[in-house]
Amino acid sequence: MKKGNKAFVFLLTVCLMAVSFAIPAAAAEIPKENYTFSVSKQSGEVKEKITLDDFGDIYKDLEITATIVPENTVLTFTPKVDMKASVSGYILKDGIMVRNELPWTINGKEVRTNDLKANTTVTVNFSYGLPYYELFIWDEATENTTIYYFKAEKGAVTTDQPDAWAKAEVDEAIAAGLVPTELRTNYKQKITRADFSKIIIKLLEVKTGQTIDEILLENEVSLADNPFTDTAIKEVIAANLMGIVNGKGNGKFDPNGSITRQEAAIMLTNTAEVLGYETEVDASAFADSSSIASWAKPGVDFVFMFGIMKGTDSKNFSPKGTYTRQQAYITIGRLDKALE
1 MKKGNKAFVF
11 LLTVCLMAVS
21 FAIPAAAAEI
31 PKENYTFSVS
41 KQSGEVKEKI
51 TLDDFGDIYK
61 DLEITATIVP
71 ENTVLTFTPK
81 VDMKASVSGY
91 ILKDGIMVRN
101 ELPWTINGKE
111 VRTNDLKANT
121 TVTVNFSYGL
131 PYYELFIWDE
141 ATENTTIYYF
151 KAEKGAVTTD
161 QPDAWAKAEV
171 DEAIAAGLVP
181 TELRTNYKQK
191 ITRADFSKII
201 IKLLEVKTGQ
211 TIDEILLENE
221 VSLADNPFTD
231 TAIKEVIAAN
241 LMGIVNGKGN
251 GKFDPNGSIT
261 RQEAAIMLTN
271 TAEVLGYETE
281 VDASAFADSS
291 SIASWAKPGV
301 DFVFMFGIMK
311 GTDSKNFSPK
321 GTYTRQQAYI
331 TIGRLDKALE
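Note that my numbering gives residue 262 to position 262 of the sequence shown, counting from 1, and the numbers run on in steps of one.
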């Protein structure tokens with residue numbers, strides 16, 4: 001959602017600890033009696049200059065004051081009147097901060113909305129591994145705006161990070177709300193069948209704007225129809241009932257088992273089909289095509305054609321190769337973009 005009246009927005013930069021701010025002639029701050037907010041932890045504030053990409057508009061040497069917070073700080077926001085507010089995280093690309101709007105959590109569910117009703121308490125956990133976060137409050141009628149910036153404390157950032165080649169796209173997938181909080185670790189280990197099901201369901205929720213319960217109800221299927229004896233994980237059952245993932249036979253799913261590249265390809269393709277997208281494309285021409293299972297070939301063709309998965313080198317797909325968490329997060333992010 002592109003914010004309006006940017007010339008005024010960035011002159012109104014404020015932070016949690018600040019009591020003074022610049023007010024351009026045609027705009028003012030949102031009255032503080034109209035909302036309350038707090039952060040669970042903070043350790044001071046910092047003034048600095050950043051270069052910001054706001055949905056394609058570049059702001060160079062933007063002076064901001066930010067509250068310093070550790071990772072996993074929880075921001076709590078409650079409007080006292082109906083109002084609009086959003087929270088965003090920033091990905092660092094070539095020295096430029098790129099905005100990604102994040103979901104609010106309302107009553108335990110992640111919700112992507114800017115329209116907040118009076119006395120509705122929303123939260124967001126700064127657990128995305130990003131350098132900056134922003135709370136933006138605005139009134140479309142008066143063009144009044146207030147911005148709070150937060151800087152993640154460097155010393156609190158985990159050393160458990162994706163590989164350098166993967167980090168930017170992994171960060172984008174996290175910022176897009178596609179990676180559950182509990183999976184933002186151990187990036188280089190193989191992803192399990194259950195965890196891959198979880199990020200698939202996250203993508204469905206993000207794309208449809210519905211919870212998985214609402215999606216299942218709309219498709220007239222029930223979690224009570226669990227076909228597996230070795231797992232009761234909600235996302236696994238949902239992904240199976242919707243035709244995205246299959247079991248191993250004899251009522252087993254093998255939730256802790258790993259997946260291969262060709263299995264990932266067909267699951268990603270099945271997800272696109274569930275979302276109503278055409279997945280039939282021209283055949284790919286890998287040197288190891290004969291090693292790709294017949295049931296996986298349509299999936300490999302689709303993910304390769306749309307740049308969702310690439311070959312392991314210039315000639316081979318390596319269908320039986322292993323699949324890590326960071327690879328899974330990258331490809332779920334690419335599928336999200338391909339389906340825009």
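Positions of the beta carbon are idealized from the N, C-alpha and C atoms, including for glycine.
At a cut of 8 Å, does the stretch 277 to 293 reach the stretch 205 to 214 through at least three beta carbon pairs? no
Inter-residue Cα distance where the pair is A85 and E143: 13 Å
What do you get for V189, buried or exposed, if any count of 16 or more other CB atoms within 10 angstroms of its CB means buried? Correcting the residue identity first, residue 189 is Gln in this sequence and not Val. It counts as exposed.
Distance check for W138 and N34, CA to CA, integer angstroms please. 11 Å
In whole angstroms, give me the CA-to-CA distance for G108 and I215. In a straight line, the C-alpha of G108 is about 17 Å away from that of I215.
How is W295 classed by DSSP in three states: helix, strand or coil? coil
Note down, in chain order, each residue of its chain lying with its Cβ closer than 6 Å to the Cβ of N119, except the 5 sequence neighbours on either side. none
Whether Y148 touches M97 by CB criterion (8 Å): no
Take V74 and list the residues in its own chain whose beta-carbon comes closer than 6 Å to its own, dropping the five residues that flank it on each side. S40, T123, N125
Whole alpha helix (DSSP H) runs in the stretch 163 to 200 with 4 or more residues, listed along the chain? List check, alpha helix (DSSP H) in window: 164 to 175.
In the DSSP output, what is T65 paired with across the bridge? K47
Which residue marks the beginning of the beta strand (DSSP E) containing D139, and which one marks its end? 132 to 139
Roughly how many whole angstroms lie between the Cα atoms of L223 and E235? Roughly 9 Å separates the two Cα atoms.
Let me confirm a value: T322 is counted as buried when at least 16 other C-beta atoms fall within 10 Å, else exposed. Which label applies? exposed
Three-state secondary structure (DSSP) of Y329: In the three-state reduction of the DSSP assignment, Y329 falls in the helix class, which pools H, G and I.
Chain-order list of residues whose beta-carbon lies under 8 Å from that of S258 (same chain, five-residue window excluded): K190, I191, T192, R193, T322, Y323
Tell me which residue opens and which closes the alpha helix (DSSP H) that K234 is part of. Segment 234 to 241, the alpha helix (DSSP H) holding K234.
Hey, quick one: how far does the beta strand (DSSP E) through T324 stretch, first residue to last? Careful: T324 lies outside any beta strand (DSSP E) and carries neither H nor E.
Apply the 10 Å Cβ neighbour rule to A173 and answer buried if 16 or more other Cβ atoms are within range, or exposed otherwise. buried
Are the beta-carbon atoms of T121 and T67 separated by less than 8 Å? no
In the structure shown, what three-state DSSP assignment does D230 receive? coil
Would you tell me roughly how many angstroms separate the C-alpha atoms of Q262 and D171, rounded to the nearest one? Rounded to whole angstroms, the gap between the alpha carbons of Q262 and D171 is 24 Å.
Between the Cα of P227 and the Cα atoms of E134, L217, A239, which residue gives the shortest distance? From the listed residues E134, L217, A239, the smallest Cα separation to P227 is found for A239.
When the Cα atoms are used, what is the spatial distance from F8 to I64? Low local confidence applies: a pLDDT of 30 at F8 is under 50, so the model's placement there is unreliable, with the coordinate-based value given in what follows. Roughly 14 Å separates the two Cα atoms.
Does any residue of chain D bring its CB to less than 8 Å from the CB of V221? Among the chains in the structure shown there is no chain D, since it carries only a single protein chain.
The alpha helix (DSSP H) spanning N270 covers which residue range? 261 to 274
Cβ neighbour criterion (16 or more within 10 Å) applied to A26: Bear in mind that the predicted position of A26 carries a pLDDT of just 43, short of 50, making it too unreliable to give a figure here.
Inter-residue Cα distance where the pair is F136 and I237: 37 Å
If I measure Cβ to Cβ from G155 and keep anything under 7 Å in the same chain, skipping five residues before and after, which residues do I get? Residue placement at G155 cannot be trusted, given a pLDDT of 47 that sits under 50; the coordinates are not used to answer.
Could you check whether D225 and Y187 sit closer than 8 Å to each other, using their CB atoms as the reference points? no
Out of A232, V69, L102, D313, point me to the one whose CA is closest to V46's CA. V69
Leaving out the 5 sequence neighbours to the left and right, which residues in its chain are closer than 7 Å to S289 when beta-carbon positions are compared? none
Can you look up F150 in the DSSP assignment and give me helix, strand or coil? strand
Pull the bridge partners of M83 from the DSSP assignment, please. M83 pairs with L116.
Taking DSSP's pairing of strands, which residues face Y59 in a bridge? L52
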